[in-house]
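Peer 1: Let me give you the structure first, and then I'll get to my questions.
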Amino acid sequence: MQNQNSVPLPPRNAKVVTTACDYCIVGCGYKAYTWPEGTEGGQTADTNALGVDFPVAESSGNWISPNEHSYCVVDGVRHNLVVLPDANATVVNRGGNHSVRGGCLAKKAYDPQGATKDRLKTPMLRVNGQLVPISWEDAIDVMAQVSQYVIDTHGREAWGMKTFSYQYFENTYAISKLAFESIQTPAYAPHDKPGPGNDTAGIDDAGIIPFSASYEDWSKADVILFSGTDPYETKTVAWTEWMMRPNIKHIYVLPRRTTGVAWAEANGGLFLQIIPGTDTILHLALVRLILENGWEDSDFIKEWVANRWEIDSGFGRGTRNTPWQWRTTWGKFGASFDEYKTWILENSDAELANAAEVTGIPADKIQLAAEMIARPIEGVRPKTSFALEKGNYWSNNYLNTASYSTLALLCGSGNREGRVVSRMGGHQRGWMGAESYPRTFSPEKQVGRRKKEIDLDRWVEAGNLRFAWVIGTTWTQAMAASQELMTSFRAMTSESEHQISKADVDSVVATLKARVDSKGMVVVHQDIYPVAPMGTEFADLVLPAATWGEENFTRCNGERRLRLYSKFCDAPGDAKPDWWIIQQFAQQMGFKDYDWKDSNDVFEQAARFGRKGILNYHPLVTYAKQLGMKGHDLLRQLGTTGIQTPVRWRTELTEPQEYRDYAGHLDDPKARGAIIGTKRLHDHDMDIGKPEGPTLHMKWMQTFSSHSGKGLLHKTPWSEFSDFYERIKPTGDELWVTMGRVNEIWQTNFDGQRTKYINDRWPSQFVEIHPDDAASRGIESGDLVRIENDDVLIQTGGFVGVENGDQSFTGLDKAGLIRIGKGSYEAVAIVTKAIKPGVVWSNALDAKAPPNSVVHRVPDPITNRYRFKLGKGRITRIGESPQKADFTQMTFRPRDIM
Amino acid sequence: MTSQPEIDCQATCVSRRLFLNASGAATATMLLGELFPNRVHGQAQDTPVQVTKLPRQKIGQLSKLEADQPVSFNYPGEGELHNCMLIKTAELSGGGLGDAQDIVAFSGRCTHMGGSLEGEYNAEHKVAGPCRLHLTTFDLTRHGMVIAGHATEALPQIILELDGDDIYATGIAGLLYGYSVNG
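Going down the list, the protein sequences come from chains E and L.
Each residue of the first sequence is one higher than the one before, counting from 1 in the working numbering.
Each residue of the second sequence is one higher than the one before, counting from 899 in the working numbering.
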């Protein structure tokens, strides 16, 4: 229940800046208004900063709800803060549309008198088990001395980082510069996976860049197939603004009926309620039906799918040190259309009856889905787009993504509006790498192939990491077999006999050196809040970071739209932006070229290193220099529209006005030429002119991202996965434990748990369970339950493969490299028919009750990606939750009411 | 507090001015248990909530209410955003009036972007919505809490009183869509 019944309006003289949402991939445009306490604007247009009369009308986009107002500190003085979706936005969230997450952005601001008052404010050192304040100088000194010792004594691969990959270009550039260029450590992993590299390797291998489409491209489809995602939940505005249209038929492949599914079924769409982990079989069956009926897009295949000669011109010529070489040679995966067709028509896994049995989806629905996505009607092919996200690639990473891209290519999709293939995304695209991952130094190697990226969790558990710098992520709960991983960390840190007892730098360094020499580990945790257990229990040093709104930052959203996230308030206490902290450490270590004065310096330097990537904004920086401006300031001029990367410079724009307005552009008469964004990748018919000035035309801008420029089909034999899958299937009274997200909770709910409104909705972890499964266990909605798995599989070695099959699940098991661990978590039950019988579903990233505890830590052997969605467990009732009888916290109503 | 808008009206002017003049002064912070005596459950009794107290307005009769048949009324005035709904949910409801504590009333405007919830009542689940604009749903048995969707505030709950057979609205908990102060 809302406890506030009015909001102050920003007065005319309120300071206003543009920004974008800090949370999901869509990155809606927002405006932040700040003004001193004790004043407020009036209800007429001429007396408030919004310039509108109150009350505002339906859909005005200018209403300020109580959660869109809060307080922050500006120049040391507490101010009012309103963060409001940009009602004048013409892209992304047109007219001020927004999600519940963005609508609560104001509440994330640091307010010394509010719920965010526990923000980290000063560096802290753990002395005798307690965190005590320490100066930045001493903290950096300790880190540098211990780091140098670890690198010299135990090797660079003993010094590691686990960081966000998305929290702004300025920070990730600094992180990658330090890790990959200066230290050159292979011991690095982003927040959501055990090592660097592709998220959706099978999509990349097909030649399709995962964020190639614009949101408008989806709106031109007749049919959208959604695999492992309902974008209504946590990619909201991409869905409500660009996909929720009665003329677009939606097909969802999920184990759970969500709001988006319910809408689809009410609007001519289809729901394929799948058994977790069986997507590849579904894709194979769909392809086979399409080929059997001749519904494939033959013209497209002839023009855009690689034939055998074209495959061989890029692959299969012996050892090539390319990311995809090893998995596309020897004819195992890569195939021409004819080869693929022969393979699948002989493949009994792809038969409809088998698919219906394995996936749990009725055969008639699979048949109908094939018709909807591919069958021409009166000679006209449906325009079908293919969306995917974590339900697809976090259950059977390589096979699911490779089979999905093959399905899409055969339907003629991948490079035209209305016919796009793209990830929907989770976090925004904020990685700007200064240097490539030093794969040469990685301890991992495929059988007979090149080195591959590290599995950092396995590296930790093997006792090889001695120094870990963790930035902005909840490491253990976000990775598989969470509790087992926590146990390993605890043994190497807080349970080590070498604990700091004096704050004196020399003494601290001596203690920590002794620890790393006795198989222990030193942990530095850098974040905005105290994070359990890494920061609160394991870390020796805790460093306070500045975040969104406290520094000028940049990054792209899910359609590569670059915006400035403006600073509008102070960071708490002595908290600093991550790039600054990296800079201090690097300079203390004696590394060169970290001489940035501000975040714009980092932004401009980083531009040079992103020129060949899809997030290239280098022409924007050179254009700003022509105008005598900072790059950040030019981007500020582009407001919430921003500009879609890769940014291009042209002497004269020939793109139509509509394109310019969508992709973003700047044609300043004071500078030569103009800059413009790029709406879509891979599109041969899109006019991008000739490469001029600083513009780079990469091949993938107008063809697929492959050697030949054509899309690549991949065979995906189920046998690559079936040994693991058969082993992990629930038995007896076990159920599949799978997970995902809900709109109201962003990531670990780090801000939401401090926002009363969000915390009232979700005060606790929850688990959705089907009435049949609940009844047999005596479980009602509102009951507290425990989910336990005493059969959590954990890979313990296998860094280097020698013989064929060494790194398959069977090979690892035979070699004794799979141990069995345990895990459990507690949750409040929600009994609902929305979830498939035999499956339960929880919030993926609840840090207090992580469902990853019951997930196996055996990554996909091809890609080193976890199968997060394929946990299992027994569920038992342990009592009633307080929420069962308290009508102000939680609701147990289903989310699929339509 | 915020200055009040000029009202250009005829018939509703008198009552509306009364309300507007009173609105600032009549805002009170109460405990939920005081606001809905004996009609709040669990630990929620001690939840503080800001309430806009307004002159009583008769909105319906107990004897004429049928289960799951929402009754529309305007409150606190006749403005475009004042449509509200009175519902007998036939289920124990937070703040519910009557012997079964199942009579509640809420604003009929979605607190995401103001879509009208008129006619959008799901009897099986006692839910308002989904709002046709962006599909937000609200649990009417739990003080208008958002179930799924994008509203950044629970549906404002209308405070009810029973006088004989007559049901009166006496105030609002929460902020009505479109307004910066309830009016």
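For every residue, glycine included, the Cβ atom is placed at its ideal position computed from N, Cα and C.
Values in this document were obtained by computation on a predicted structure and should not be read as measured data.
#1: Could you check which residue in E/G740, E/D230, E/H283 and E/E655 has the C-alpha nearest to that of E/S403?
#2: Kindly confirm or deny that the region 184 to 203 of chain E and the region 653 to 662 of chain E touch, where touching means at least three C-beta pairs closer than 8 Å.
#3: What's the C-alpha gap between E/L105 and E/E216?
#4: Name the residues in the region 945 to 958 of chain L whose C-beta lies less than 8 Å from a C-beta of chain E; which are they?
#5: List, in order along the chain, the chain E residues whose C-beta lies closer than 7 Å to that of L/Q941?
#6: In whole angstroms, give me the CA-to-CA distance for E/P66 and E/D886.
#7: Rounded to a whole number of angstroms, what is the C-alpha to C-alpha distance between E/D773 and E/R490?
#8: Going by the C-beta, is E/I745 closer than 6 Å to any heavy atom of the ligand COA?
#9: Does L/G1012 come within less than 7 Å of chain E when only Cβ atoms are used?
#10: Within 7 Å (strictly less), CB to CB, does L/M983 reach chain E?
#11: Counting only C-beta atoms, is E/V7 closer than 7 Å to chain L at any point?
#12: What residue from E/E734, E/R381, E/K193 and E/T832 has the CA that sits closest to E/P894's CA?
#13: Less than 7 Å between CB atoms is the rule here; does E/N67 satisfy it with respect to chain L?
#14: Which residues in chain L sit within 7 Å of E/R895, going by Cβ to Cβ distance?
#15: Consider the Cβ of L/T900: report whether some Cβ of chain E lies at a distance smaller than 7 Å.
#16: Kindly provide the ranges of any alpha helix (DSSP H) runs that are 4 or more residues long and lie completely inside the region 507 to 550 of chain E, ordered along the chain.
#17: Taking Cβ-Cβ distances shorter than 8 Å, what residues in chain L pair up with E/N743?
#18: Just checking: is the beta-carbon of L/S1005 within a distance shorter than 7 Å of some beta-carbon in chain E?
#19: Can a CB atom of chain E be found closer than 7 Å to the CB of L/R980?
#20: Check E/G740 in the structure and name its three-state DSSP category.
#21: Given that a residue counts as buried once 16 or more other Cβ atoms are within 10 Å of its Cβ, and exposed if not, what is E/W309?
#22: Which same chain residues end up closer than 6 Å to E/T748 when comparing Cβ atoms and leaving out the 5 residues on each side of it in sequence?
#23: Buried or exposed for E/T876, please, with buried defined as at least 16 other CB atoms from any protein chain shown within 10 angstroms of its CB.
#24: Within its chain, find whatever has a CB closer than 6 Å to the CB of E/R563; leave out the 5 residues flanking it on each side and keep chain order.
#25: List, in order along the chain, the chain E residues whose C-beta lies closer than 9 Å to that of L/T987?
#26: Going by the beta-carbon positions, is the gap between E/G711 and E/G155 smaller than 7 Å?
#27: Could you run through the region 53 to 67 of chain E and flag, in chain order, every residue whose CB is less than 8 Å away from some CB of chain L?
#28: Does the Cβ-Cβ distance between E/G871 and E/V858 come in under 7 Å?
#29: What residue does the alpha helix (DSSP H) around E/M486 start on, and which one ends it?
#30: For a quick check, are the C-beta atoms of E/A89 and E/T640 less than 7 Å apart?
#31: What are the boundary residues of the beta strand (DSSP E) that includes L/G1069?
#32: E/D783: which of E/S764, E/F591, E/M701 and E/H69 sits nearest, CA to CA?
#33: Find out if the Cβ-Cβ distance for the pair E/V83, E/Y30 is shorter than 7 Å.
#34: Run through the DSSP bridge pairs and tell me what E/A674 is partnered with.
#35: Just mark L/G1062 as buried or exposed, buried being the case when its beta carbon has 16 or more other beta carbons within 10 Å.
#36: One question on the structure: do E/G197 and E/I454 come within less than 7 Å of each other, judged by their Cβ atoms?
Peer 2: Reading it off the structure:
#1: E/H283
#2: no
#3: 25 Å
#4: T945, P946, V947, Q948, V949 and T950
#5: P882 and D886
#6: 23 Å
#7: 36 Å
#8: Of the ligands one can find in the structure shown there are none, so the ligand COA has no counterpart to examine.
#9: yes
#10: no
#11: yes
#12: E/T832
#13: yes
#14: I1045 and A1046
#15: Its pLDDT being 36, under 50, L/T900 is placed unreliably in this model, and the value from its coordinates should be taken loosely. Chain E contact via Cβ: present.
#16: none
#17: A1046, G1047 and H1048
#18: no
#19: The sequence shown places His at residue 980 of chain L, not Arg. Not one chain E Cβ lies under 7 Å of L/H980.
#20: strand
#21: exposed
#22: T474, L845 and A847
#23: exposed
#24: A20 and G642
#25: None at all; the shortest Cβ gap to chain E is about 12 Å.
#26: no
#27: D53, F54, P55, V56, A57, E58, S59, S60, G61, W63, I64, S65, P66 and N67
#28: no
#29: S482 to M492
#30: yes
#31: D1064 to A1071
#32: E/S764
#33: yes
#34: E/R650
#35: exposed
#36: no
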